[in-house]
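Below: the structure, in structure tokens.
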Amino acid sequence: MKYIALTIGPIVDTLSLGRKTSEVWMASYLFSSFMKKSIKKIKERSDAKFIIPFVDDALLEEQDNGVGMFHDRFILQSDTLTLEEVETILEEEKDAIAMMVAKSIKKDSDKVKAFFRQYLQTYLFESNEKFKHPILDISKIMDSIELHTPILDTDEDYLRLFLNRDIILGSDLAKASFGKKPSFEAIDAIAAQELGDDVDASNAYKYIAIIYADGDNLGEYIKSQGDVTKVSKNLFEFDKKAVASIEHYGALPIFIGGDDLIIFAPLLNKGETVFDLLDTLSKDYKKALKTDESTLSFGVSLTYYKYPLYEALERARDALFGVAKNHEGKNAVAVSTQKHSGQSFDFCVGKDEDSYEKFLTLIKSVLKEEVELPHAVHHKLQSHQMLFKSIESERLESTFDNIFNEDIHKDTFEQGLKEIRELMLSLGLEEKEQEKLFSMLSTIKVLRGDR
758 MKYIALTIGP IVDTLSLGRK TSEVWMASYL FSSFMKKSIK KIKERSDAKF
808 IIPFVDDALL EEQDNGVGMF HDRFILQSDT LTLEEVETIL EEEKDAIAMM
858 VAKSIKKDSD KVKAFFRQYL QTYLFESNEK FKHPILDISK IMDSIELHTP
908 ILDTDEDYLR LFLNRDIILG SDLAKASFGK KPSFEAIDAI AAQELGDDVD
958 ASNAYKYIAI IYADGDNLGE YIKSQGDVTK VSKNLFEFDK KAVASIEHYG
1008 ALPIFIGGDD LIIFAPLLNK GETVFDLLDT LSKDYKKALK TDESTLSFGV
1058 SLTYYKYPLY EALERARDAL FGVAKNHEGK NAVAVSTQKH SGQSFDFCVG
1108 KDEDSYEKFL TLIKSVLKEE VELPHAVHHK LQSHQMLFKS IESERLESTF
1158 DNIFNEDIHK DTFEQGLKEI RELMLSLGLE EKEQEKLFSM LSTIKVLRGD
1208 R
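The numbers in this note's numbering rise by one with no breaks, and the one at position 421 of the sequence shown is 1178.
Written as structure tokens, this is what we have:
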């Protein structure tokens, strides 16, 4: 029995074309739909057994309410299927997308077909080798393939013409996915969904969180599992639960595929914060995979709702793959914030670290108004940065007492200052750790709605 694998693209380049929520959704969904329909035809026409993704017949139904749950890769086994047969199916699906796009933008179908046959990159791999760990071994080969936007021999970029909100909403693909013409909320509506028309009620509702998530040490988990089909099934169960958790929070799943997620979310919703959503997804992942061996890391960009969407996506992706995935032990959250004022700040923390727990506790205390913080507290702490760096941790409490020595600090702000001090102590007093504290406090200010 031989293996056949496919990877498709260019997904990242295509996502960067989106300027509105619906455009980014379609840029992602287009590839998921292409993969779903290709897999469905392969199943119908052959004896193929899919190793990844897990293929549930119900998942292959046309209506999926806009949730793209098919990754940019598959690995299958078959005795009879040939590469030529797979290539034929892929060309059919490229043409099907082209016909849908041509109808939507009212352009010549032959020209649009020629465009998409060039634009949609497909790379196939075939082997009769007996792999010890087929998912890992074949994935390494496929990972070496970088699919970028090709140099196109065409006068018009038909994909850019198609990625327009009004055109997308009227397209056959969107209608088939949702079962009707969808009504996409603009990104500012996602951020402000609790406020109705009163967007000025809190500045926090003018910010949007874009979340990238990726599984850590998944290879080690796969090696520990004797049945590779079980791995795919567990990831599929996680995806289903993740969609439910994301939608319950009031966020929008842009892409859900295995251990990879892209999500648009409000900073606050239903008494929770975006960090509660991350916690829920982490628990969903652990429960579905039934292991502590693999965890979930996140890259999160917090940006003003009018900030360029493609830049916010890039910030979140860089936060995940450039920062969180390089954190010692992984299992991390990297946050990159760009305020409307132009100020930016970043931090990364392990989810199993005591400092992260104390950060979440401080968020809840502040937002529930259980504690108050002095105005510009992080600026005051910054002005004493060299002092903190020079003292032993045992002296931190007395140093705080000397800095915050007015009556109001003891009456109104005592508990808030105590929680900040505990967070600072858990992070450490080195300059780098203090900078992390200042970024955390600035993030809490954004969540609180400070301007």
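Glycine included, each C-beta is placed from N, C-alpha and C at the ideal position. Remember, predicted model here, so these are calculated numbers, not experimental data.
### Residue range of the alpha helix (DSSP H) that includes LYS1115
1111–1124
### Message
Beta-carbon within less than 6 Å of SER773's beta-carbon, same chain only, minus the 5 sequence neighbours each way: which residues are those?
### Response
TYR1067
### Identified DSSP bridge partners for ALA967
Per the sequence shown, residue 967 should be read as Ile rather than Ala. In DSSP, ILE967 forms a bridge with PHE1021 and SER1058.
### Query
Can you tell me whether ASP971 is buried or exposed, with buried defined as 16 or more other CB within 10 angstroms of its CB?
buried
### Task
Could you work out which residue in ASP852, ASP829 and ALA961 is closest to ILE902 when comparing CA atoms only?
ASP829
### Query
In or out: ILE1020 buried (at least 16 other Cβ within 10 Å) or exposed?
buried
### Task
Would you mind sorting ALA1073 into buried or exposed? The rule is 16 or more other CB atoms within 10 Å of its CB.
buried
#### Entry: Three-state class that DSSP yields for VAL956 in the structure shown
With a pLDDT of only 47 at VAL956, under the threshold of 50, the placement of this residue in the model should not be trusted; the figure read from the coordinates follows. Three-state DSSP puts VAL956 in a helix.
### Task
Look at the alpha carbon of LYS868 and the alpha carbon of ARG917, and state the distance between them as a whole number of angstroms.
14 Å
### Message
Tell me the DSSP secondary structure of TYR915 in three-state form.
### Response
helix
### Query
Hey, LEU1130 and VAL1123 are a contact pair by Cβ (cut 8 Å); roughly how many whole angstroms apart?
6 Å
### Task
Measure the Cβ-Cβ separation of ALA1089 and ALA1081 and say whether it is below 9 Å.
yes
### Query
Between GLY775, MET758 and ILE796, which lies nearest to ILE765 when the distance is taken from Cα to Cα?
ILE796
#### Entry: Buried/exposed call for PRO1010, threshold 16 Cβ in 10 Å
buried
### Task
With a threshold of 16 other CB atoms inside 10 Å of the CB of ASN885, please say whether the residue is buried or exposed.
exposed
#### Entry: Assumed close pair ALA823, SER785 - CB separation to whole angstroms, cut-off 8 Å
According to the sequence as given, residue 823 is Gly; it is not Ala. The Cβ separation is near 10 Å, so there is no contact.
### Query
Out of curiosity, what's the CA-to-CA distance linking VAL956 and TYR1062?
Note on VAL956: pLDDT 47, under 50, position unreliable in the model; no value is reported.
### Identity of the residue in ALA1133, TYR1113, THR1169 and PHE791 nearest SER1183 by Cα
TYR1113
### Query
Closest by CA to SER1101, which one among LEU1174, PHE1195 and GLN1172?
PHE1195
### Query
Under 9 Å between the Cβ atoms of ILE846 and TYR915?
no
### Task
Decide if ASN991 is buried, meaning its Cβ has at least 16 other Cβ atoms within 10 Å, or exposed.
buried
### Query
Can you name the start and end residues of the alpha helix (DSSP H) that PHE882 belongs to?
Element bounds for PHE882: not the alpha helix (DSSP H) but the beta strand (DSSP E), 878–884.
### Message
Using only CA atoms, which one of PHE941, ILE968 and LEU763 lies nearest to GLU883?
### Response
LEU763
### Query
Pick from ASP1207, GLU841 and ASN1159: whose alpha carbon is nearest that of SER1098?
ASP1207
### Message
When you compare the CB positions of PHE919 and TRP782, do they come within less than 9 Å of one another, or not?
### Response
no
### Cutoff 7 Å; reference TYR964; Cβ partners in own chain excluding five residues on either side
ALA948, LEU1024, LEU1059, THR1060, TYR1061, TYR1062 and VAL1203
### Message
Which of the three DSSP states is assigned to LEU920 in this structure?
### Response
coil
### Query
Bridge partners of ILE702, per DSSP?
Residue 702 lies beyond the residue range present for the chain, which begins at 758 and ends at 1208; the question has no answer from this structure.
### Message
Please report the distance separating the alpha-carbon of LYS932 from that of ARG776.
### Response
21 Å
#### Entry: For LYS1125 and ASP1033, the rounded distance between their alpha carbons
14 Å
### Query
In or out: ILE908 buried (at least 16 other Cβ within 10 Å) or exposed?
exposed
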